[in-house]
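Engineer:
Protein chains: 2
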Amino acid sequence: MTYKAEINVMPLKELLDPQGKAVTSGLKNLGLDEISNVRIGKHIYLEIEADSEEKAKSSAEESCKKLLSNPIMEYFEIDLEEVG
Amino acid sequence: MTYKAEINVMPLKELLDPQGKAVTSGLKNLGLDEISNVRIGKHIYLEIEADSEEKAKSSAEESCKKLLSNPIMEYFEIDLEEVG
Chain A
1 MTYKAEINVM PLKELLDPQG KAVTSGLKNL GLDEISNVRI GKHIYLEIEA
51 DSEEKAKSSA EESCKKLLSN PIMEYFEIDL EEVG
Chain B
101 MTYKAEINVM PLKELLDPQG KAVTSGLKNL GLDEISNVRI GKHIYLEIEA
151 DSEEKAKSSA EESCKKLLSN PIMEYFEIDL EEVG
């Protein structure tokens, strides 16, 4: 079966996010001062061939831990869905 | 009212995504060859002060169009939720 995973890799909440801070002030300069607390991370879409949702989830987690995220600075969230 | 927006900015589907291709082959080298079609974009979290969901949505769209995405190479999706 094929599963699709939508993964967010975001800077840990305890850490400053300099890119987010820069975007917050960029938006203020554009007149959008109703926007605050911007945080910027990565969004990753991928497809997984697996026998079960269990196995697909474990592949997705392994890919995050081994390559897609840096656990010292980032956390990840995985949203998995069967596509056929 | 405060709204939170979860925004994905992704490379257009018609375009190659070299970063995604590199990650796909990186994952293969790590033994995760059940994973394919990786595409990598940005995930942005932000908070908006607005009188109505309508206005919050229009602020979020304006921020995407003016700063967060490059329409030549990327599309964006906005998920808006009231937080209080």
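For the record, the sequence lines run as chains A and B. With my numbering applied, the first sequence has no gaps in its numbers, which climb one by one up to 84 at the end. With my numbering applied, the second sequence has no gaps in its numbers, which climb one by one up to 184 at the end. Quick reminder that beta carbons are idealized off the backbone N, C-alpha and C, glycines included. Predicted, not measured: the structure shown is a model, and the values here were computed from it.
1) My understanding is that LEU167 of chain B touches VAL23 of chain A, with C-beta atoms under 8 Å, so please give their C-beta distance in whole angstroms.
2) With distances taken Cα to Cα, identify the nearest neighbour of GLU162 of chain B among A:PHE76, A:LEU32, A:GLY84, A:SER52.
3) For the alpha helix (DSSP H) containing GLY126 of chain B, list its first residue and its last residue.
4) Helix, strand or coil for SER58 of chain A, going by three-state DSSP, please let me know.
5) Is it the case that the segment 9–27 of chain A contacts the segment 37–50 of chain A, given that we only count it when at least three CB pairs across the two stretches are under 8 Å?
6) Within the same chain, show all residues whose beta-carbon is closer than 7 Å to that of ALA50 of chain A, passing over the 5 residues directly before and after it, in chain order.
7) Using a Cβ-Cβ distance cut-off of 8 Å, determine whether SER136 of chain B contacts chain A.
8) Which residues in chain B sit within 8 Å of GLY84 of chain A, going by Cβ to Cβ distance?
Structural biologist: In brief:
1) Within the second sequence, residue 167 of chain B is the residue found at index 67, counting from 1. Within the first sequence, residue 23 of chain A is the residue found at index 23, counting from 1. Between VAL23 of chain A and LEU167 of chain B the Cβ distance is about 7 Å, and since that is below 8 Å, they are a contact.
2) The residue you call residue 162 of chain B lines up with position 62 of the second sequence. Taking only the C-alpha atoms, the option nearest GLU162 of chain B is A:LEU32.
3) Counting from 1 along the second sequence, the entry for residue 126 of chain B is found at position 26. Unbroken alpha helix (DSSP H) run through GLY126 of chain B: 118–129.
4) Taking the first residue of the first sequence as 1, we reach residue 58 of chain A at position 58. Look at SER58 of chain A here: in three-state DSSP terms it is helix.
5) Yes, since at least three Cβ pairs between the segment 37–50 of chain A and the segment 9–27 of chain A fall closer than 8 Å, the two stretches touch.
6) The count along the first sequence starts at 1 and reaches residue 50 of chain A at position 50. Within the same chain, ALA50 of chain A has close Cβ partners MET1, TYR3, ALA56, SER59.
7) Indexing the second sequence from 1 puts residue 136 of chain B at position 36. True, the Cβ-Cβ gap to chain A drops below 8 Å.
8) Taking the first residue of the first sequence as 1, we reach residue 84 of chain A at position 84. Contact note: GLY84 of chain A does not reach chain B at a C-beta cutoff of 8 Å; the least C-beta distance is about 14 Å.
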